[in-house]
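In my numbering, the protein residues as written are 5 to 94.
We treat Cβ as the ideally placed atom computed from N, Cα and C, and that holds for glycine.
What follows is a short report on a single structure.
Have a look at this one:
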């Protein structure tokens with residue numbers, strides 16, 4: 005599993021950065037996040053951040069339904085998260 009400092013840096017990744025990544029790079033990070041989400045030691049805040057990042061990666065990959073599902077998962081963990089709520093707006 006990734007160390008917490010690396011997790012924090014990666015979780016702050018931004019959508020425009022993901023647009024510059026290749027589809028393969030985005031898919032690799034999506035799968036990496038999925039693996040991290042299975043770790044039982046993550047806090048709800050860490051999980052919400054990972055779901056949010058995954059949503060941004062799906063958006064950059066034009067996978068709209070998957071992006072909305074990831075944002076929903078982030079919101080379920082943190083219902084007042086303004087970034088996740090904003091990204092889910094139509």
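Looking at the secondary structure, which residues open and close the alpha helix (DSSP H) in which residue i lies?
| i | result |
| --- | --- |
| residue 20 | 19 to 24 |
| residue 57 | 48 to 64 |
| residue 28 | 27 to 41 |
| residue 76 | 68 to 81 |
When we look at the beta-carbon of residue i and count the other beta-carbons within 10 Å, is it buried (16 or more) or exposed?
| i | result |
| --- | --- |
| residue 59 | buried |
| residue 85 | buried |
| residue 57 | buried |
| residue 95 | Because the chain in this structure spans residues 5 to 94, residue 95 falls outside the shown range and cannot be described. |
| residue 40 | buried |
| residue 53 | buried |
| residue 24 | exposed |
| residue 45 | exposed |
Quick one: residues in its chain with C-beta nearer than 6 Å to the C-beta of residue i, no 5 flanking neighbours on either side, listed in chain order?
| i | result |
| --- | --- |
| residue 77 | 55 |
| residue 20 | none |
| residue 63 | 71 |
Leaving out the 5 sequence neighbours to the left and right, which residues in its chain are closer than 8 Å to residue i when beta-carbon positions are compared?
| i | result |
| --- | --- |
| residue 92 | 72, 75, 76 and 79 |
| residue 81 | 48, 49, 51, 52 and 55 |
Could you pull out every residue in the same chain whose Cβ sits closer than 7 Å to the Cβ of residue i, ignoring the five residues on either side in sequence?
| i | result |
| --- | --- |
| residue 27 | 65 |
At a Cβ threshold of 7 Å, is residue i touching chain C?
| i | result |
| --- | --- |
| residue 76 | Looking for chain C here will not work: only one protein chain is present. |
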